[in-house]
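Written out below as structure tokens is the structure these notes cover.
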Amino acid sequence: MYNDIINSFLNNIRAIRFYISSVDQTMDRPWHRELVGNKDSVLASMIYYVAKAQQRGIDLLESLSPMEDMPEEIVGYIKEIERIVQEIESDGNNVYFHRYLPKGVKEEYQKLEAIEKQKEILYRGSLLLLVTYFENLIAGVMRESFIKYPQRISLDEKSVSYKILAEMNDIEEIKNILIDQEVTNKMYESLLDWKKYFQKNLKLNLKAWEDEFEVIQEIIARRNLYVHNNGIVNNIYIKLVNGMKKDSVGDRLNIDREYIDNAIDIIEYVGMSLVLETWLKECGDNQDDISNILGIIYEEYLEMHRWKMAQYFYEICLKSQKLLDADRILCKINNWQCYKWLGEYDKVKDEVEKLDISAYQPKYILGVLALGEDYERFFEFYDSQTDIGEAELKEWPLFMKLRTCEEYMRRFPEMKVEEKEEIECNGNTKDVVDG
109 MYNDIINSFL
119 NNIRAIRFYI
129 SSVDQTMDRP
139 WHRELVGNKD
149 SVLASMIYYV
159 AKAQQRGIDL
169 LESLSPMEDM
179 PEEIVGYIKE
189 IERIVQEIES
199 DGNNVYFHRY
209 LPKGVKEEYQ
219 KLEAIEKQKE
229 ILYRGSLLLL
239 VTYFENLIAG
249 VMRESFIKYP
259 QRISLDEKSV
269 SYKILAEMND
279 IEEIKNILID
289 QEVTNKMYES
299 LLDWKKYFQK
309 NLKLNLKAWE
319 DEFEVIQEII
329 ARRNLYVHNN
339 GIVNNIYIKL
349 VNGMKKDSVG
359 DRLNIDREYI
369 DNAIDIIEYV
379 GMSLVLETWL
389 KECGDNQDDI
399 SNILGIIYEE
409 YLEMHRWKMA
419 QYFYEICLKS
429 QKLLDADRIL
439 CKINNWQCYK
449 WLGEYDKVKD
459 EVEKLDISAY
469 QPKYILGVLA
479 LGEDYERFFE
489 FYDSQTDIGE
499 AELKEWPLFM
509 KLRTCEEYMR
519 RFPEMKVEEK
529 EEIECNGNTK
539 DVVDG
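So in my numbering, spot 122 of the sequence shown is number 230, and the numbers just go up one at a time.
Spelled out as structure tokens, the structure:
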């Protein structure tokens, strides 16, 4: 079940990221190419950017004053803009300046305003979906927890109406109704209540939630602000978000690309940490579940060079007492390589060098030798084992730097290592985990 929760959550996160990127690219395409030969469009665009500049206190008209070497057509555009602006200024009503635009220019101008509005719709809608997906994840974890351990909601003390009893076919259906009711009630509680519930009842550490609590709180509060108050700061938002001053009430909050990208990273980070901790805590005795957990971290984060998140998720696994020795050493090696590619190898170097690898399987010995960049011993040992083959050598991120050494290139001349593959990974992601 936790596998389904994680896959659904990650699919939703990927969909939001792809949607934002694809729509952003469409809206940011060069509009000049579409305006060739359309006088109304050119004039509307020039007026639009002059107006935007004036809102920021910049007088573009002065810099656009006609010069002798300007094409006659452009000079005509500028003079038309100056005429319109003069009419607006003489009337003293900048708010309704659209009334001075010719019909064709007004239509084109409104298209440009709509394009600008599209980004607001894109980012605002993405924030609403993002928080909804996060809440779905929390509800899913709670529901699974109640199904597995009904005593967490004192199911034997719950009562149902006669109407429900008459309509239900068996006790299992009644149980599911009571669980759904409990989940619904929990979801009306606050982020702090959710955190306390998971820490108290499931005994989770939730370090990610502790570290990023204020950021998550602000993301949810901003979503609620857009849903209930059109993005205008109110006293509820002020109370929930640290650092906000009371005189901010009435201000309108904006959402830009940087904000929404960071919000997605944070929600993915804290959402994944919740499910992984719960999954390990409640299903860690099942080796299939452990294999699924490690597979997800590898495929979604390590293989994608998302070192910071991979580093933290492997550390969650290493805190579990339920890992077999083979899984534990694999987690350690993958965690260490995250430090290496983040430029933080000095933090774990002593731990790696003190590890007695003599009793480990060949693939783990090779992993440690690769971390220490002892390539001479690496290839000597590589030739004497069958645990690691060419496929693993060419695909495991751990061997990125090894794939640039002379011995590797001599053995596999057909392999072309992408430029800067092993070094550029330092700080090359937008991961948000800092501790």
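Yeah, the Cβ is synthetic: ideal placement off N, Cα and C, and Gly gets one too.
Open item on the list: Taking the straight line between their C-alpha atoms, what separation do you get for D132 and E215?
Closed with: For D132 and E215, the gap between their C-alpha atoms comes out near 23 Å.
Task: Where I340 sits in the DSSP three-state scheme - done: Collapsing the DSSP output to three states places I340 in a strand.
Task: Through-space distance from M109 to G358, alpha-carbon basis - done: Their backbone Cα atoms lie some 44 Å apart in a straight line.
Task: For I223 and L506, the rounded distance between their alpha carbons - done: If you draw a straight line from the Cα of L506 to the Cα of I223, it comes to about 45 Å.
- [ ] Have a look at L361, M417, A329, R360 and flag the residue whose alpha-carbon is nearest the alpha-carbon of K347.
- [x] Comparing Cα-Cα distances from K347 to each of L361, M417, A329, R360, the minimum goes to A329.
Open item on the list: Can you tell me whether L410 is buried or exposed? The criterion is at least 16 other CB atoms within 10 Å of its CB, across all chains shown.
Closed with: Looking at its Cβ environment, which holds 16 or more other Cβ atoms inside 10 Å, L410 is buried.
Open item on the list: Using only the alpha-carbon positions, how far apart do L236 and N115 sit?
Closed with: Just so you know, the alpha carbons of L236 and N115 end up roughly 20 Å apart.
Open item on the list: According to DSSP, simplified to helix, strand and coil, what is R414?
Closed with: Residue state, collapsed to three classes: coil.
TODO: Quick one: measure Cβ to Cβ for I340 and F242, integer angstroms, because I've assumed they're closer than 8 Å.
DONE: A Cβ-Cβ separation of about 23 Å leaves I340 out of contact with F242 under the 8 Å criterion.
- [ ] To the nearest angstrom, report how far apart N342 and V335 are at their CA atoms.
- [x] Using only the alpha carbons, I get a separation of about 13 Å.
- [ ] Give a yes or no on whether the C-beta atoms belonging to M295 and A247 are separated by under 8 Å.
- [x] Yes, Cβ-Cβ distance for M295 and A247 is below 8 Å.
- [ ] Tell whether a beta-carbon distance below 8 Å holds between N293 and E322.
- [x] Taking 8 Å as the Cβ cut-off, N293 and E322 do not qualify as a contacting pair.
Task: Segment contact, 8 Å Cβ cut-off, at least three pairs: the region 468-484 with the region 378-391 - done: Contact fails: fewer than three Cβ-Cβ distances are below 8 Å.
Open item on the list: Suppose only complete runs of 3+ residues qualify. What are the beta strand (DSSP E) ranges in the region 369-414, listed by chain order?
Closed with: Counting only runs of 3 or more, we get nothing.
Open item on the list: Let me make sure I understand the geometry here. Which of R436, E452, E228 has the alpha-carbon closest to that of L463?
Closed with: With distances taken between Cα atoms, L463 lies closest to R436.
- [ ] Drop a sphere of 10 angstroms on the beta-carbon of I404, count the other beta-carbons inside from all chains shown, and report buried for 16 or more, exposed for fewer.
- [x] I404 comes out buried.
Open item on the list: Using only the alpha-carbon positions, how far apart do K416 and Y422 sit?
Closed with: For K416 and Y422, the distance between alpha carbons rounds to 10 Å.
Open item on the list: The alpha helix (DSSP H) that contains S234, what's its start and end?
Closed with: Bounds of the alpha helix (DSSP H) holding S234 are 211-256.
TODO: Measure the alpha-carbon distance for Q218 versus S149 and round it to whole angstroms.
DONE: C-alpha separation (whole angstroms): 10 Å.
TODO: Report the option in N394, R485, M517 whose CA atom is closest to the CA atom of E498.
DONE: Proximity to E498 across N394, R485, M517 peaks at M517, based on C-alpha coordinates.
TODO: Would you list the one or two residues that DSSP bridges to R365?
DONE: For R365, which the question treats as bridged, DSSP gives no partner whatsoever.
- [ ] Over the uninterrupted alpha helix (DSSP H) stretch that includes D458, give me the two end residues.
- [x] Where D458 is concerned, the enclosing alpha helix (DSSP H) stretches over 457-462.
Task: C-alpha distance - D301 paired with K315, whole-angstrom precision - done: Cα to Cα, D301 sits roughly 16 Å from K315.
- [ ] Express the C-alpha separation of S234 and I368 in angstroms, rounding to a whole number.
- [x] Between the C-alpha atoms of I368 and S234 there is a straight-line separation of about 8 Å.
Open item on the list: I need the straight-line Cα distance from E228 to I128, nearest angstrom please.
Closed with: Rounded to whole angstroms, the gap between the alpha carbons of E228 and I128 is 11 Å.
Open item on the list: Quick check: M448 and L426, are their CB atoms within less than 8 Å of each other?
Closed with: One point to set straight first is that residue 448 is Lys, not Met, in the sequence displayed. In this structure, L426 does not lie closer than 8 Å to K448 by Cβ.
TODO: Tell me, please, which residues DSSP counts as bridged to R260.
DONE: Answer is none; R260 lacks a bridge partner.
TODO: Could you please give me the residues that DSSP links to R360 through a beta bridge?
DONE: Per DSSP, I340.
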